[in-house]
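**Student:** Numbering follows the numbering used here, with no gaps: position 174 of the sequence shown is 174.
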Amino acid sequence: MNPKDQIKENLSIVDVVSTYVRLEKSGAQFRARCPFHNERTPSFYVSPDRKSYHCFGCQAHGDIFTFVEKIENIPFIDALKILADRAGVSLKDAKRNEAESRLVSLLKDTTLHFENNLKQSAEAKEYIFGRGLTDETIATFHVGYAKNEWRDLFVFLSSKGYSPEEMILAGVVIEAKDDTGKTKGFYDRFRGRVMFPIRNISGATVGYSGRILPSLATDSQGKYVNTPETPLYHKSKVLFGYDTGRKKMNETKEVVVVEGQMDLCMSYQAGVHNTVAVSGTAFTDEHIHMIKRFCDKVILSFDTDSAGQAALKKTGLLCILGGLDVYVVGDIGTKDPADLIKDDPALWVKALAKKKHVIEFLADTVLALPVDERTKGQKIVSEVLPFVRALTSPIDRAHFLRTLSEKTSISQDILTEELGRGILETSELSKEVEMPSVPPIERLSKELIAFAKLHKKEAHDEFISLSLDTEAFPDVIIEEEMFSLEKRVIGDKEAYFKDLMSTYKKEEHKAELVRLQKKLKEEGADIEAIMVQIYDHVKKRLN
Ligand SMILES: [Zn+2]
1 MNPKDQIKEN LSIVDVVSTY VRLEKSGAQF RARCPFHNER TPSFYVSPDR KSYHCFGCQA
61 HGDIFTFVEK IENIPFIDAL KILADRAGVS LKDAKRNEAE SRLVSLLKDT TLHFENNLKQ
121 SAEAKEYIFG RGLTDETIAT FHVGYAKNEW RDLFVFLSSK GYSPEEMILA GVVIEAKDDT
181 GKTKGFYDRF RGRVMFPIRN ISGATVGYSG RILPSLATDS QGKYVNTPET PLYHKSKVLF
241 GYDTGRKKMN ETKEVVVVEG QMDLCMSYQA GVHNTVAVSG TAFTDEHIHM IKRFCDKVIL
301 SFDTDSAGQA ALKKTGLLCI LGGLDVYVVG DIGTKDPADL IKDDPALWVK ALAKKKHVIE
361 FLADTVLALP VDERTKGQKI VSEVLPFVRA LTSPIDRAHF LRTLSEKTSI SQDILTEELG
421 RGILETSELS KEVEMPSVPP IERLSKELIA FAKLHKKEAH DEFISLSLDT EAFPDVIIEE
481 EMFSLEKRVI GDKEAYFKDL MSTYKKEEHK AELVRLQKKL KEEGADIEAI MVQIYDHVKK
541 RLN
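1) Which residues does DSSP list as the beta-bridge partners of residue 32?
2) Over what stretch of residues does the beta strand (DSSP E) that includes residue 265 continue unbroken?
3) Per DSSP, what are the beta-bridge partners of residue 175 in this structure?
4) Using CA coordinates, which residue listed in 70, 358, 373, 228 is at the minimum distance from residue 314?
5) Consult DSSP for residue 509 and reduce its assignment to one of helix, strand or coil.
6) In three-state DSSP terms, what is residue 415?
7) When every heavy atom of ligand 1 is checked, does at least one fall within less than 6 Å of the C-beta of residue 60?
8) To which residues of the same chain is residue 47 closer than 6 Å at the C-beta, ignoring the five residues directly before and after it?
9) I think residue 166 touches residue 106, with their Cβ atoms under 8 Å apart; what is that distance to the nearest whole Å?
10) Leaving out five residues on either side along the sequence, give the residues of the same chain with a beta carbon under 8 Å from the beta carbon of residue 13.
11) What does a CB cutoff of less than 8 Å around residue 34 pick up in its chain, not counting 5 residues either side in sequence?
12) Using the C-alpha atoms, what's the distance from residue 272 back to residue 567?
13) Helix, strand or coil for residue 247 per DSSP?
14) Could you have a look at residue 17 and say whether DSSP puts it in helix, strand or coil?
15) Going along the chain, which unbroken runs of the beta strand (DSSP E) with 3 or more residues stay wholly within the segment 197-243?
16) If we require 3 or more residues per run, which beta strand (DSSP E) segments fall completely within the segment 100-175?
17) Assuming residue 388 and residue 401 form a contact by the criterion Cβ under 8 Å, report the distance between their Cβ atoms to the nearest whole angstrom.
18) Reducing DSSP to helix, strand and coil, say where residue 328 ends up.
19) Terminal residues of the continuous beta strand (DSSP E) containing residue 383?
20) Cβ of residue 317 less than 7 Å from any chain D Cβ?
21) For residue 269, is the classification buried or exposed, using 16 other Cβ atoms within 10 angstroms of its Cβ as the cut-off for buried?
22) Any heavy atom of ligand 1 inside 6 Å of the beta-carbon of residue 322?
23) What is the DSSP secondary structure of residue 397, counted as helix, strand or coil?
24) Just reading off the beta strand (DSSP E) that residue 54 is part of, what are its end residues?
25) Are there 16 or more other CB atoms within 10 angstroms of the CB of residue 374, so buried, or fewer, so exposed?
26) Take residue 319 and list the residues in its own chain whose beta-carbon comes closer than 7 Å to its own, dropping the five residues that flank it on each side.
27) Do you know offhand how far residue 144's Cα is from residue 193's?
28) Given a cut-off of 7 Å, decide if residue 308 and residue 276 are closer than it, judged by their beta-carbon atoms.
29) Whole angstroms are fine: how far does the CA of residue 407 sit from the CA of residue 79?
30) Check each candidate in 172, 147, 132 and name the one with the smallest Cα separation from residue 120.
31) Compute the Euclidean distance between the alpha carbons of residue 70 and residue 225, then round it to the nearest angstrom.
32) Please report the Cβ distance between residue 171 and residue 189, rounded to the nearest whole angstrom; I am assuming they are in contact, meaning their Cβ atoms lie under 8 Å.
33) Relative to ligand 1, is the shortest distance from any of its heavy atoms to the C-beta of residue 36 smaller than 6 Å?
34) Tell me which residues share the same chain as residue 118 and place their Cβ nearer than 6 Å to its Cβ, disregarding the 5 neighbours each side in the sequence.
35) Is it right to say residue 25 is buried, meaning 16 or more other beta carbons lie within 10 angstroms of its own, or is it exposed?
36) What are the boundary residues of the alpha helix (DSSP H) that includes residue 72?
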């Protein structure tokens, strides 16, 4: 018997599911309110005989592996490990485990090296202390410094016995190639940067976010550089501060979401331990799943500039659709949280206490605009009502309609009528978030790239033309993705990929592709946004 079957044999699905969901007996089966979508009456069934679960509401189904994968929000391989542990089965795939633990120890050594560098760099210390961080916070977050040299880390890791391949795989070293594609040498990815380790749930470093020292900043360099996707680091699945924040998150059932790494450290320093940050990436529904494991309320703090406010709206709506109660931090002027806290930590705590529900916040923002009443009313309908519509509870919807009516003096009847007009649209939107059978964007892009790599045909060129970096996905990930794909309800894998690809070939999408490519060239590549659009097309086809 292979280890996977052995695990399935040893464990009862009822025991596994009961760890997360309260089951009640129903004939030969057990049932519960589905953990994968919002519902009032139970339509989630577990069958001990068939060793499977099925939700009649959202069609989620599978076995213990897919269940743990989904509810813990982790890759298949990690679900396998957790369940192997629980079942007392040793995994024979020791090679991959060993390779992975090599990467973990490589990053551990790297973090220590960066921490030592910081102790020796007067300039880096001056910068960090200048921003207000204390020794204690620096130690808590293992903040370090990457020297402004090309091969400092490379030489150090070599002396520790790591190979260049391992360093590249871990995302800390880059290979330099000449015109013919031959290796010229290796250099450090992070140079002259204050280093913030990114840790997974169990506290192991999986990547870094590096901030350039102000004296070294140039226009051509990003202020922040993050680890690319690696076998350990998946940006859509990592929240900065999740490991330091989870205890308080569990206690308070609340989480504060800030934009920057420095904001996170300073908020923690101000005693708000339940703070997380999404740095350099948009909020995903995977992040929401992570938060929902501990919290039902999220407090957002985003920049007051237009980009920050757009991100706030997008994130707020996603959180509401995900079933979270969404608040916005009270006015802190034009400062970011880090600078505010540096001046006076009490001001931050006060601003958090003055949080407003996102719907009230947005309404107040519209009402403060220097425009006439009619325009304000239109803006309330177009910009604020979608958030009311997204609320899952009818009681909440009624409450906020009343609030809006009081604030605007538009009658509740009219607001209700306007709300009804867009109702179809929003129920479509919420389906999107709740449908676990639709692969998330991140995974979809990997699947597409996996397809391209496997077939090495014209598909490859299409992805290149969309400037999807196939090299950013090492083979090991692709294997893993393919492996977990087989676990899913796709049936014929080949046909599934073909179907995806035919979507691209259709004439009606050609124009869209051209438009996207043009957009890429003009604005610089925002792959995520583009993937969202591609994703929409593919999804429409799959439905
Ligand atoms: Zn369900």
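Every residue gets a Cβ at the ideal spot worked out from N, C-alpha and C, and that includes glycine.
**Tutor:** In terms of the structure at hand:
1) Looking at the DSSP assignment, residue 32 forms a beta bridge with 44.
2) No beta strand (DSSP E) contains residue 265, which is instead part of the alpha helix (DSSP H) from 261-269.
3) 186
4) It is 358 whose Cα lies nearest to the Cα of residue 314.
5) In this prediction, residue 509 scores a pLDDT of 43, lower than 50, which makes its location untrustworthy; the coordinate-derived value is nonetheless stated afterwards. DSSP places residue 509 in helix when its eight states are reduced to three.
6) helix
7) yes
8) 29
9) 6 Å
10) 46, 47, 48, 51, 52, 53, 63, 64, 67
11) Answer for residue 34: 42, 43, 44, 55, 57, 58, 60, listed in chain order.
12) Residue 567 cannot be examined here, being either before or after the span of the chain that is shown, 1 to 543.
13) DSSP places residue 247 in helix when its eight states are reduced to three.
14) helix
15) 205-212, 224-226
16) 144-146
17) 6 Å
18) Residue state for residue 328 is assigned as strand, using DSSP reduced to three classes.
19) It is not in any beta strand (DSSP E) - residue 383 carries neither H nor E in the DSSP assignment.
20) Looking at the structure shown, chain D is missing, and only one protein chain is on hand.
21) buried
22) no
23) helix
24) 52-55
25) exposed
26) 288, 298, 326
27) 9 Å
28) no
29) 49 Å
30) The candidate whose alpha carbon is nearest that of residue 120 is 147.
31) 30 Å
32) A Cβ-Cβ distance of about 7 Å is found for the pair residue 171 and residue 189, placing them in contact under the 8 Å criterion.
33) yes
34) 124, 144, 145
35) exposed
36) 64-72
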